[in-house]
Amino acid sequence: MSSTTALADARIPAAHPFAAHVRAAAAAETADPHREWTPEDGAMPSLYVSHGGGPMPFENPEWLNPLRRWARALPKPKAILVVSAHWESAPLSLSAAQPSELVYDFGGFDPLYYTFRYDTPDAGPLAQQVAAMMPDGERAHEHNRRGLDHGAWVPLKIMYPAADVPVLQLSLPTDDPDKLLALGERLRPLREQGVLVIGSGHMTHGLPFLTREQFVANKVPGWSADFDSWAAEALDRGDVAELARFRSAAPGMPYSHPTVEHFTPLFVTLGAATDPIAPIVTKLDGYSIGLSRRSFQAA
733 MSSTTALADA
743 RIPAAHPFAA
753 HVRAAAAAET
763 ADPHREWTPE
773 DGAMPSLYVS
783 HGGGPMPFEN
793 PEWLNPLRRW
803 ARALPKPKAI
813 LVVSAHWESA
823 PLSLSAAQPS
833 ELVYDFGGFD
843 PLYYTFRYDT
853 PDAGPLAQQV
863 AAMMPDGERA
873 HEHNRRGLDH
883 GAWVPLKIMY
893 PAADVPVLQL
903 SLPTDDPDKL
913 LALGERLRPL
923 REQGVLVIGS
933 GHMTHGLPFL
943 TREQFVANKV
953 PGWSADFDSW
963 AAEALDRGDV
973 AELARFRSAA
983 PGMPYSHPTV
993 EHFTPLFVTL
1003 GAATDPIAPI
1013 VTKLDGYSIG
1023 LSRRSFQAA
């Protein structure tokens, strides 16, 4: 299936930044193949990834290079499980194990991006594992057709452009931090089997309040900077209780998150960590169109 991804990538104009990214990744893989995870590596980390606006990260080396370096710094996972801000669904649901199409859930961008493919190997075994982890009375609905949304496939196409790792998406079933921490905890054993668990959102996401200065000059509004600083400090000291009070405790609310689905995947990430209150490792920071793109990994 990765061959269909490669064929689609070959049609991207050679001067496009993502085309250069694909070429560089292929050359690096030839020179130094990405080492696959083994049990001797111990548990994979869990990640929180700020996934950018639609396909915008494909155009910017400041997204492309750090995300690819991050992936290469980790052993190549056996599979990837993603909880994305862009699939809020209860009861809990699983994407198709091998869907035929992506979800192009963005608008107003170059038609090129609606031709992108990310056809990964069959994730059926992972789907079975995840379904079995759910408690009695919380059976996960398994979709036959639903593909990956852009909160999943955009960052993963950058991190693992060869599309050679099985990927499964799990819906975001609630905005309650405690319930999402518990969901992450149920997923924790997957990490010991080489599965990379990812919460995908955006550290600040005040889209209704964006201004021309943010789009043109990446001007950072106070509400975005203040929320980001608060979150970074809480994460550094492992203060999960403070993070869970974000609606009332965080400066910059509700401008940073007028709806909360881009922040709450963070709690799945922390719940899946071996020690949710241990300090995290920031792997990507800074701002894009004035929004914090802080991303991190938890051990």
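The sequence shown maps to residues 733 to 1031 in my numbering.
Glycine included, each C-beta is placed from N, C-alpha and C at the ideal position.
Small disclaimer: the values here were computed from a predicted structure and weren't measured.
- In the DSSP secondary-structure assignment, Ile1021 is not bridged to any residue.
- Taken through DSSP and simplified to helix, strand or coil, His882 comes out as helix.
- Below 8 Å, too few C-beta pairs join the segment 976 to 987 and the segment 899 to 906 to call them touching: fewer than three.
- The criterion of a C-beta distance shorter than 9 Å is not satisfied by Ser821 and Pro887.
- Judged by beta-carbon spacing, Gly883 lies beyond the 9 Å limit of Gly839, meaning their Cβ atoms are not closer than that value.
- In the structure shown, Gly856 adopts helical secondary structure according to DSSP, grouped into three states.
- Within its own chain, the residues whose Cβ lies closer than 8 Å to the Cβ of Asp968, once the five positions on either side in sequence are excluded, are Pro1011, Ile1012, listed in chain order.
- Secondary structure within the segment 960 to 1030: the beta strand (DSSP E) runs of 3 or more consecutive residues, fully enclosed, are 1013 to 1016, 1027 to 1030 (chain order).
- As the crow flies, the alpha-carbon of Ala747 is around 23 Å from that of Asp851.
- Val1000 sits close to Val815, with the two beta carbons spaced by under 9 Å.
- Beyond the five residues adjoining it in sequence on each side, Pro1008 comes within less than 7 Å, by CB distance, of Leu913, Val972, Leu1002 in the same chain, given in chain order.
- Residues of the same chain with a CB within less than 6 Å of the CB of Glu791, apart from the 5 flanking positions on each side, are Pro749 in chain order.
- Taking C-beta atoms as the reference points, Ala817 and Gly933 count as a pair closer than 9 Å.
- DSSP lists Glu768 as the beta-bridge partner residues of Lys808.
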